[in-house]
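Asks: Numbering (my numbering), first residue to last: 1 to 250.
C-beta atoms are modelled at their ideal positions from N, C-alpha and C, and glycine is treated no differently.
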Ligand SMILES: Cc1cc2nc3c(=O)[nH]c(=O)nc-3n(C[C@H](O)[C@H](O)[C@H](O)COP(=O)(O)O)c2cc1C
């Protein structure tokens, strides 16, 4: 019996070496048939290992990071949006699934300070508008990208309306912000990020996300006036793409 086992094992190894030259063709065979062939050649241990690896690879694919992009400029081809699109390119290249939301034109009211969202057992924000489906998307996403132009030395009004309303997010889920990965993209007209007011907005985001326990992964910002002009800043475009990758990878 032992001899027979040794003989069979040696036979299997010999066969495996013999098939080495045809290995590239083997990988092209449909997954199910691969398992049958492996099972016949190498026994159940190798077959089970193969099934496990295949399963892990499939789960990895469906386990991609979800990135939600909030665009706060009224210009659809504007500079902050252009930066955000580069972040998206990087994130998608790293396997993330990305959803974009243009805040401009949405029915998002200003926070009315009713504090309904802060009451015990709150069901969420009392205002029934376009922010309601966004709350769910924010909760579902692993990472957020917030893109905004500098308007009057801070973020745009569209972005600020959205951001104030995030005050209610904790009412939808305990620890809603914890572990969220954040990237910020901003554009401004002045040549200097301090004089433009960009740094004020960046500080606002930094302070707020630190306060709620979200992780600031990075910020990209630059000077440009006409829509899309920021594309000519090659270094910045590369930094935005790299930020997208970083956002999706960890
Ligand atoms: C209402 C308004 C206010 C602005 N305020 C500032 C400002 O305070 N500082 C600045 O550097 N640029 C300011 N700008 C210029 C924009 O920030 C700049 O054009 C930016 O690239 C626009 O981004 P977008 O293309 O994504 O909309 C302002 C533009 C507008 C329309």
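Just curious, the alpha helix (DSSP H) that residue 223 is in, first and last residue?
Replies: Residue 223 sits at position 223 when you count from the first residue of the chain shown. Looking at the DSSP string, residue 223 is not in any alpha helix (DSSP H); the run it does join, the beta strand (DSSP E), is 215-223.
Asks: Let's see if you can read the secondary structure: which residues bound the alpha helix (DSSP H) around residue 176?
Replies: Sequence index remark: in the chain shown, residue 176 carries index 176 (1-based). It is not in any alpha helix (DSSP H) - residue 176 carries neither H nor E in the DSSP assignment.
Asks: Could you tell me whether the Cβ atoms of residue 162 and residue 244 are closer together than 8 angstroms?
Replies: Numbered from 1 along the chain shown, position 162 holds the residue referred to as residue 162. Numbered from 1 along the chain shown, position 244 holds the residue referred to as residue 244. No, the pair does not count as a contact, with Cβ atoms beyond the cut-off.
Asks: Within the same chain, show all residues whose beta-carbon is closer than 7 angstroms to that of residue 64, passing over the 5 residues directly before and after it, in chain order.
Replies: Numbered from its first residue, the chain shown carries residue 64 at position 64. Within the same chain, residue 64 has close Cβ partners 95, 96, 97.
Asks: On the CB-based measure, 16 or more other CB atoms within 10 Å of its CB, does residue 209 come out buried or exposed?
Replies: For this step, residue 209 is matched to residue 209 along the chain shown. By the 10 Å Cβ count, residue 209 comes out buried.
Asks: Can you determine whether any heavy atom of ligand 1 sits closer than 7 angstroms to the C-beta of residue 255, and answer yes or no?
Replies: Because the chain in this structure spans residues 1 to 250, residue 255 falls outside the shown range and cannot be described.
Asks: Please classify residue 154: does DSSP put it in a helix, a strand, or coil?
Replies: Locating residue 154 in the chain shown gives position 154, where the first residue counts as 1. Here residue 154 sits in strand by DSSP.
Asks: Who sits around ligand 1, taking every residue whose Cβ is closer than 6 angstroms to one of its heavy atoms?
Replies: Those residues, listed in chain order, are 73, 75, 78, 79, 80, 81, 149, 150, 151, 152, 153, 187, 188, 189, 190, 196, 197, 224, 225, 227.
Asks: Locate the alpha helix (DSSP H) running through residue 238, then write down its first and last residues.
Replies: Locating residue 238 in the chain shown gives position 238, where the first residue counts as 1. Counting along the chain, the alpha helix (DSSP H) containing residue 238 begins and ends at 234-249.
Asks: Please classify residue 232 as buried or exposed, where buried requires at least 16 other C-beta atoms within 10 Å of its C-beta.
Replies: Counting from one through the chain shown, the residue named residue 232 turns up at place 232. Exposed, since its Cβ has fewer than 16 Cβ neighbours within 10 Å.
Asks: Kindly indicate which three-state DSSP category residue 74 falls into: helix, strand or coil?
Replies: Looking up residue 74 in the chain shown gives position 74. Coil.
Asks: Anyone know if the C-beta pair for residue 101 and residue 134 falls short of 8 angstroms?
Replies: Counting from 1 along the chain shown, the entry for residue 101 is found at position 101. Counting from 1 along the chain shown, the entry for residue 134 is found at position 134. For residue 101 and residue 134, yes; Cβs fall inside 8 angstroms.
Asks: Which term fits residue 166, buried or exposed, when burial requires 16 or more other beta carbons within 10 angstroms of its beta carbon?
Replies: Numbered from its first residue, the chain shown carries residue 166 at position 166. So residue 166 ends up on the buried side.
Asks: If I follow the unbroken alpha helix (DSSP H) through residue 211, where does it start and stop?
Replies: Along the chain shown, read from residue 1 onward, the residue named residue 211 stands at position 211. 198-212 is the extent of the alpha helix (DSSP H) around residue 211.
Asks: Pull up the CB-CB distance for residue 145 and residue 84, whole angstroms please, since I reckon it's below 8 angstroms.
Replies: For the purposes of this step, residue 145 is identified with residue 145 of the chain shown, where counting begins at 1. For the purposes of this step, residue 84 is identified with residue 84 of the chain shown, where counting begins at 1. Indeed, because the Cβ distance is near 6 angstroms, the residues count as touching under 8 angstroms.
Asks: Are there 16 or more other CB atoms within 10 angstroms of the CB of residue 235, so buried, or fewer, so exposed?
Replies: If you number the chain shown from 1, residue 235 lands on position 235. Per the 10 Å Cβ criterion, exposed.
Asks: Hey, residue 66 and residue 130 are a contact pair by Cβ (cut 8 angstroms); roughly how many whole angstroms apart?
Replies: As a working note, residue 66 is residue 66 in the chain shown. As a working note, residue 130 is residue 130 in the chain shown. With 8 angstroms as the limit, residue 66 and residue 130 do not qualify as a contact, their Cβ atoms being about 20 angstroms apart.
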